[in-house]
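First up is the structure itself, then whatever we jot down about it.
Structure representation (structure tokens):
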């Protein structure tokens, strides 16, 4: 990945009418911060932001979004859950776009703590999920992913690009100086995922329920909020791995010691 792509982002899918874009990283790695990925979908001139991030990342992300689309064309913002690295910038995004915010109904009452006073542009997602309809007739399905790790949590599937935005599911923690965008050695990458998933995901039963839900879709890539993107056979390898992972309540004795 070139330095320019690292900073400005990279188009993951583009058919002329529809794009799915990764929005880059900070140029300098900060070991005291959680590394995050943000994504933008553009469908026939309408923008959808996926987990645009917290206050810390706002200036970079808003600049990169503006490279691809006018901010007044960003009509939807999806937050997978309530963590500050995901959603603490929500008030800033509402101030620079006309977007409607999609977030679990469980977290709407927490948004005032991030500076959101007017709830008229907040769309609560019911537990069973939801759908964002796009101008071309395509759609983004908001798929339940509860307890992975948040109690009110969703993934987002883009029907046109067939990319699944998985939020924290699939996250990896990079040592300083070793980050990369696309997984090219699954076994090596597994070492960067395992500790996070064993501690943050709630249990094997919950993981399998999510895999059951998303396996109904044709998936070209899995794009997580942290770490690197899975493509090709690594999509199936990841789904098989997490469906059989012992984590959370299944490893309580190990955690408590």
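In my numbering, the protein residues as written are 351 to 607.
Every residue, glycine too, gets a C-beta built ideally from N, C-alpha and C.
Just so you know, these numbers come straight off a predicted model, no measurement behind them.
Residues near residue i by beta carbon distance below 6 Å, same chain, minus five either side
i           : result
residue 404 : 434, 435, 438, 439
residue 584 : 533, 536
Exposure label - residue i; buried when at least 16 CB within 10 Å
i           : result
residue 602 : exposed
residue 447 : buried
residue 555 : exposed
residue 397 : buried
residue 576 : buried
residue 606 : exposed
residue 361 : exposed
residue 527 : exposed
residue 586 : exposed
residue 471 : exposed
residue 574 : buried
residue 337 : There is no way to answer for residue 337, as the model of the chain reaches only from 351 to 607.
residue 401 : buried
residue 394 : exposed
Alpha-carbon to alpha-carbon, residue j and residue i
i           : j           : result
residue 479 : residue 589 : 20 Å
residue 476 : residue 455 : 6 Å
residue 468 : residue 598 : 36 Å
residue 411 : residue 593 : 33 Å
residue 364 : residue 370 : 7 Å
residue 482 : residue 591 : 29 Å
residue 501 : residue 399 : 22 Å
residue 581 : residue 539 : 13 Å
residue 431 : residue 452 : 10 Å
residue 357 : residue 376 : 6 Å
residue 572 : residue 427 : 19 Å
residue 441 : residue 413 : 17 Å
residue 421 : residue 579 : 26 Å
residue 531 : residue 505 : 19 Å
residue 379 : residue 385 : 8 Å
residue 352 : residue 374 : 11 Å
residue 566 : residue 488 : 17 Å
residue 425 : residue 387 : 20 Å
residue 503 : residue 366 : 31 Å
residue 595 : residue 543 : 11 Å
Close-in-space but distant-in-sequence residues of the same chain around residue i (CB under 7 Å, 5 per side omitted)
i           : result
residue 512 : 568, 569, 570
residue 423 : 395, 396, 397
Contact set for residue i: own chain, Cβ-Cβ below 8 Å, skip 5 residues either direction
i           : result
residue 545 : 523
residue 458 : 469, 472, 474
Near the ligand GDP: residue i beta-carbon under 8 Å from a heavy atom
i           : result
residue 391 : The ligand GDP is not part of this structure, which contains no ligands at all.
Is the segment 485 to 495 in contact with the segment 414 to 422, if contact means three or more CB pairs nearer than 8 Å? no
Is it a yes or a no for the segment 494 to 504 touching the segment 548 to 562, going by three-plus beta-carbon pairs under 8 Å? yes
Decide yes or no for the touch test of the segment 464 to 483 against the segment 518 to 529: beta carbon pairs closer than 8 Å, at least 3 of them. no
Which runs of the beta strand (DSSP E) fall wholly inside the segment 484 to 517 and span at least 3 residues, in chain order? 489 to 494, 504 to 508, 513 to 517
Determine contact between the segment 405 to 413 and the segment 536 to 553, defined as no fewer than three beta-carbon pairs at a distance below 8 Å. no
What residue ranges within the segment 380 to 426 form continuous alpha helix (DSSP H) runs of no fewer than 4 residues, ordered along the chain? 408 to 418
Contiguous alpha helix (DSSP H) assignments of at least 4 residues, all confined to the segment 542 to 574: 554 to 564
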